[in-house]
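Each remark here refers to the structure printed beneath this line.
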Amino acid sequence: QSVLTQPPSASGTPGQRVTISCSGTRSNIGSNTVNWYQQFPGAAPKLLIYSNYQRPSGVPDRFSGSTSGTSAYLAISGLQSEDEADYHCAGWDDDVNGQVFGGGTTLTVL
Amino acid sequence: VQLEQSGAEVKKPGESLRISCKGSGYRFSNFWISWLRQKPGKGLEWMARIDPSDSNTAYNPSFQGHVTISADKSTSTAYLQWTSLRASDTAIYYCATHTGSRGWYEEWGGQGTLVTVSS
Chain A
3 QSVLTQPPSA
13 SGTPGQRVTI
23 SCSGTRSNIG
33 SNTVNWYQQF
43 PGAAPKLLIY
53 SNYQRPSGVP
63 DRFSGSTSGT
73 SAYLAISGLQ
83 SEDEADYHCA
93 GWDDDVNGQV
103 FGGGTTLTVL
Chain B
45 VQLEQSGAEV
55 KKPGESLRIS
65 CKGSGYRFSN
75 FWISWLRQKP
85 GKGLEWMARI
95 DPSDSNTAYN
105 PSFQGHVTIS
115 ADKSTSTAYL
125 QWTSLRASDT
135 AIYYCATHTG
145 SRGWYEEWGG
155 QGTLVTVSS
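Sequences listed follow chains A and B, in order.
The first sequence begins at 3 in the working numbering and counts up by one.
The second sequence begins at 45 in the working numbering and counts up by one.
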């Protein structure tokens, strides 16, 4: 069972906006920043969002991150078929003294 | 920055194993390296991290005592070692670099290392 809670699946049609949630506690999201990773089948995860909302170079601005209290959100606007992937949230946990993750959300573009 | 991980392994319960992660394209001592586990169809779990500059380490309590992380600056290689594998260790293992002990995972090792433990 993962420390952070994500919905196992999400879906949308091309062009739509989809939001994936990530719920935590005071020891992680409530007091530390959140990062998001994108993972395609058979590949290693790739950093998508860091420090709640920052995008690494090369990540389209269709991807955005936000937080509120002990929850974090990844929004994907203008959904494209190539966005079909697993999305993982993560963040520092003061009790674990390390990064904790959600169980991942599989995004399907219908 | 590139991280090259060792190949897939098939082991029996109780056997020992060491997998590796070789860094290139950057100064190895400049970034921490963590090992992460992903069981089939499941999420990611942070296992352990090391600062190659001084071999300072930290472990997830869930993995403490079962695995050992190490690094060799001379070969720019980090390792994850088990002395007694269990069937429940079957998973893909990734190494990843991060800036500072609390940083996000910036670069990941290829496709990871698949470890299968079965009698």
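All residues carry an ideal CB built from backbone N, CA and C; glycine is no exception.
These numbers come from a predicted model, not from an experiment.
query	result
Let me check understanding here. Comparing Cα to Cα, which of B:130, B:155, B:118, B:56 lies closest to residue 140 of chain B?	B:155
Please confirm if residue 102 of chain A has its CB atom under 9 Å from at least one CB of chain B.	yes
By DSSP, does residue 132 of chain B sit in helix, in strand, or in coil?	helix
Measure the Cβ-Cβ separation of residue 67 of chain A and residue 81 of chain A and say whether it is below 9 Å.	no
Do we get a CB-CB distance below 9 Å when we pair residue 98 of chain A with the residues of chain B?	yes
Kindly indicate if chain A contains any beta-carbon less than 9 Å away from that of residue 84 of chain B.	no
Taking 9 Å as the cut-off, decide whether the C-beta atoms of residue 39 of chain A and residue 137 of chain B are in contact.	no
Whole angstroms are fine: how far does the CA of residue 24 of chain A sit from the CA of residue 124 of chain B?	29 Å
Would you verify that the beta carbon of residue 49 of chain A is, or is not, closer than 9 Å to some beta carbon of chain E?	Considering every chain present, this structure includes no chain E. Its protein chains are A and B.
CB-CB under 6 Å to residue 30 of chain A, same chain, minus the five flanking residues each way: which ones, in chain order?	93, 95, 102
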